[in-house]
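The next block holds one structure in the form of structure tokens; read it before the comments.
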Amino acid sequence: MLSKGVIECRCRIGELIPRYLKVQKKNFMEKGFADASLREICKKAGVTTGAMYKRYPGKEALFEAVVGPTLQDIEEMALNIERYDYEQLAHGKMQSVWDMSSTTLKTIVRFSYERYDGFKLLLCRSEGSTHANFLHDFVSHHAKQTVKFLEAVTQQDGRDNQIDEEEIHMLLTAFWSTLFEPIVHDLPLEQALRHCEYVAKLFNWQAIFGF
56 MLSKGVIECR CRIGELIPRY LKVQKKNFME KGFADASLRE ICKKAGVTTG
106 AMYKRYPGKE ALFEAVVGPT LQDIEEMALN IERYDYEQLA HGKMQSVWDM
156 SSTTLKTIVR FSYERYDGFK LLLCRSEGST HANFLHDFVS HHAKQTVKFL
206 EAVTQQDGRD NQIDEEEIHM LLTAFWSTLF EPIVHDLPLE QALRHCEYVA
256 KLFNWQAIFG F
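Quick note: the sequence shown, position 73, residue 128 per this note's numbering, numbers continuous.
If you want it as structure tokens, here you go:
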């Protein structure tokens with residue numbers, strides 16, 4: 056059985072966790088991962104560095120705690136899209152898989168703006184962290200999944216798509232860079248949604264993949 060003192064101590068630490076996250080997010084947003092100071096974070100959160108290290112072993116762990124929820128949501132979204140794509144393939148509805156209309160793009164932009172701080176940190180404030188190459192890693196994953204999906208398409212209907220993974224990676228880099236630019240440039244959501252109208256005209260994935 057835990058003593059009253061231990062219970063009270065754990066309660067105090069639990070109360071500090073939201074403060075940790077709020078302060079460290081603000082610090083990372085203002086200075087970026089590389090220049091953020093653990094000492095300053097602890098001072099503003101009103102805790103000792105010793106107390107911080109008991110929960111977070113270092114600055115990397117602090118950064119991970121802030122961006123972790125956004126990364127988890129991105130992974131969940133990617134899995135849902137992948138599941139949808141294979142369902143459409145099974146029903147022969149390939150046109151819907153590559154639909155990148157402004158309506159579809161606006162859904163993606165709203166998703167990112169609902170997690171604005173997380174995306175801003177990953178795209179613009181992560182230098183020096185394990186997520187410094189977020190965009191490249193994000194695109195690499197999608198390129199590999201796209202190649203895998205195209206192989207499944209070939210097996211089902213014999214369609215031989217000549218575009219290789221390197222080319223897909225370059226195209227996806229251009230696509231996602233353009234779609235993330237509103238966050239990079241701190242545009243309001245309304246302007247970011249208008250931006251989708253232009254992006255939709257730039258990328259015709261149905262034509263690229265022959266559907």
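All C-beta atoms in this analysis are idealised placements derived from N, C-alpha and C, irrespective of residue type, glycine included.
Query raised in the report: When the Cβ atoms of the segment 123 to 130 are set against those of the segment 157 to 176, are three or more pairs found closer than 8 Å?
Result: yes
Query - Beta-carbon proximity of Q150 to A120, cut-off 9 Å - result: no
Report task. Just the C-alpha distance for M84 and F118, rounded to the nearest angstrom, thanks. Result -> So the alpha carbons of these two residues sit roughly 11 Å apart.
Query raised in the report: By the 10 Å Cβ neighbour count, where 16 or more other Cβ atoms means buried, how is K256 classified, buried or exposed?
Result: exposed
**Report entry** Continuous alpha helix (DSSP H) stretch holding H250: start and end
**Finding:** 244 to 257
Query raised in the report: Nearest CA to the CA of I238: which residue from F88, K99, R165?
Result: R165
Query raised in the report: When DSSP labels each residue in this structure, what does G265 get in the three-state scheme?
Result: G265: coil per DSSP, three-state reduction.
Report task. Determine the DSSP secondary structure at L71, reduced to helix, strand or coil. Result -> Here the model assigns L71 a pLDDT of 43, short of 50, so the residue's position is not dependable, and the following value carries that caveat. Residue state, collapsed to three classes: helix.
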